[in-house]
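Residue numbers (UniProt numbering): 1 to 233.
Glycine included, each C-beta is placed from N, C-alpha and C at the ideal position.
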Ligand code: ATP
C-alpha cells in the first residue's frame, strides 16, 4: 500500500532523514518507534506532503506521491492525525468532525458521523460542546475520529498516546486495533514503544534519521537491544 525508498529530508542545511526505507502492506498496523527527535514526525510530514523531500520516493497505492500535493494525498486515501491534535478548539465536536469530511457532500457523511459516535460515545455526548473543553484523551479521540471522517485507506497516527493517562492510552490503542476490522491500514509513530509494538504487526526502530532495526512486532518486543533501549526491561 505504502512504500518509502531512500527518503531524505532536511530543515535548511541540516538533513534529519538520511535515506529511509519502509513498507506498509494493506491491512497492516505498522509502527515506527524511536526516541524524541529521531525524526518520526518529519517522516509523517513527508508522507502527508507538508515537509519537502530532498531525495527518495514515496509510492502510495501505485502512485508516486512526489508530484502529489498534500490535499491530493488526502483524496487518494492517505490521512494524518497530527501530533498535538490540532483540533479547532472554538468549534464544536460535531463541527470538527464535519471538517474532517470536507471532501464529501454525500449523505454518507451523516452515516460516518454516526459510526464515529458509536466508536467514541463520549464524543456523541459532547457533540455540541466546544472541542477546547474536552480532556486531552477526548481531544485525541476527536483527532482520530476527524481523520476517519476523510475515509482514509491508510491512517498516519503521530503519537496518539502522548500525555495520556494509562487507562486512556489503553483505550486509544484499542481503537487503533479496531481500525483493522474497518479496513483501514495504520502507520503508527510512537515513543511508547511497548504499547505500539503490542498492537502492531511489524515495527521499525528509528534512530537519528535512520531505520536501525526492523521486524515482526513480537520479535522486536523480544529483541534484547530493544528491551534495554526502548522498553526499560
Ligand atoms: P518528537 O517525538 O519530539 O516529535 P521526532 O522523532 O518526531 O520527535 P522530529 O520532530 O521529526 O523528531 O525531529 C527530527 C529532528 O529535526 C530533530 O533533531 C529536530 O530538532 C529537528 N527539527 C524538527 N522540526 C524542525 C524545524 N521546523 N526546523 C529545524 N529543525 C527541526
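Item: Considering residue 174, what are the terminal residues of the beta strand (DSSP E) in which it resides?; Value: From DSSP, residue 174 is part of no beta strand (DSSP E) but of the alpha helix (DSSP H) over 166-179.
Item: Whose CA, out of 63, 22, 32, 8, lies closest to the CA of residue 56?; Value: 8
Item: Taking 7 Å as the cut-off, is the beta-carbon of residue 159 closer than that to any non-hydrogen atom of the ligand ATP?; Value: yes
Item: Going by beta-carbon coordinates alone, are residue 142 and residue 96 separated by less than 8 Å?; Value: yes
Item: Need the endpoints of the beta strand (DSSP E) that residue 9 sits in, please.; Value: 2-11
Item: Residues in its own chain within less than 7 Å of residue 27 by CB, not counting five upstream and five downstream?; Value: 180, 185
Item: Ordered along the chain, which non-local residues of its own chain (more than five positions away) have a Cβ less than 7 Å from that of residue 168?; Value: 137
Item: When every heavy atom of the ligand ATP is checked, does at least one fall within less than 7 Å of the C-beta of residue 192?; Value: no
Item: Sort out for me which residues DSSP pairs residue 230 with in a bridge.; Value: DSSP, once it has assigned bridges, lists no residue as partnering residue 230.
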